[in-house]
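Numbering (this note's numbering), first residue to last: 11 to 193.
This is the structure we're talking about:
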């Protein structure tokens, strides 16, 4: 019995002495759990609440909580290049539009994208999470269209360019911990 009690006390001491690997950062409208060595970045916005994080690798990750948050549209570059190629060939806007609609109906934009796009529910909100699918270069982030349940014009994004795969994975894991405060 004495060895069991000693083992229990040792486990209790070890678990209490271990440093917590994450911390919760509160930004007012929301909070997020991040690695302990990441730092909160305070900024002042004009038409929205902005701020961010600095990772252990010195990557800067920014958020925008407001009416004009970037949607993180990974297909914009593809659509623009398709449009410009038709613009060079066709003479009228009607023909350009007709051919673009036909093309969109016949191809999958995902096959041309440099990004993985995932749709999830995070804190009961529909979220789009993007991350680069090759070479770990590019934007990693989240977009939530209706971030404020009392104001449907408020959206949210949190993103940055992260070159280290491990840091990128930590950020995506942190994005899943987002909790928004209902006012």
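Think of the CB as a built atom: it goes at the ideal place given N, C-alpha and C, for glycine as much as any other residue.
Would you decide whether residue 76 is buried or exposed? Buried here means 16 or more other CB atoms lie within 10 Å of its CB.
buried
According to the neighbour-count rule (16 or more other Cβ atoms, all chains shown, within 10 Å of its Cβ), is residue 61 buried or exposed?
buried
What number of angstroms, rounded off, separates the C-alpha of residue 131 from the C-alpha of residue 54?
28 Å
Per DSSP, which residues does residue 126 bridge with? Please list them.
141
Simplified DSSP state of residue 162, which is helix, strand or coil:
coil
Going by C-alpha distance, which of 160, 168, 144 is nearest residue 154?
168
Here's the rule: buried if 16 or more other CB atoms are within 10 angstroms of the residue's CB, otherwise exposed. What is residue 69?
buried
Nearest residue (CA-CA) to residue 178, options 162, 151, 46, 124
151
Starting from residue 184 and walking both ways along the alpha helix (DSSP H), at which residues does that stretch end?
175-185
May I ask which residues mark the beginning and end of the beta strand (DSSP E) holding residue 153?
149-154
Could you tell me the alpha carbon to alpha carbon distance between residue 156 and residue 190, rounded to whole angstroms?
11 Å
Which whole runs of the alpha helix (DSSP H) in the segment 50-84 are 4 residues long or more, in chain order?
none
Apart from the five residues just before and just after residue 165, which ones in its own chain have a Cβ nearer than 6 Å to its Cβ?
79, 155, 157
Other residues of its chain near residue 144: CB distance less than 8 Å, five sequence neighbours each side excluded:
124
Suppose the cutoff is 7 Å on Cβ atoms and the five residues either side in sequence are ignored; what does the same chain contact list for residue 148 look like?
124, 125, 142, 171
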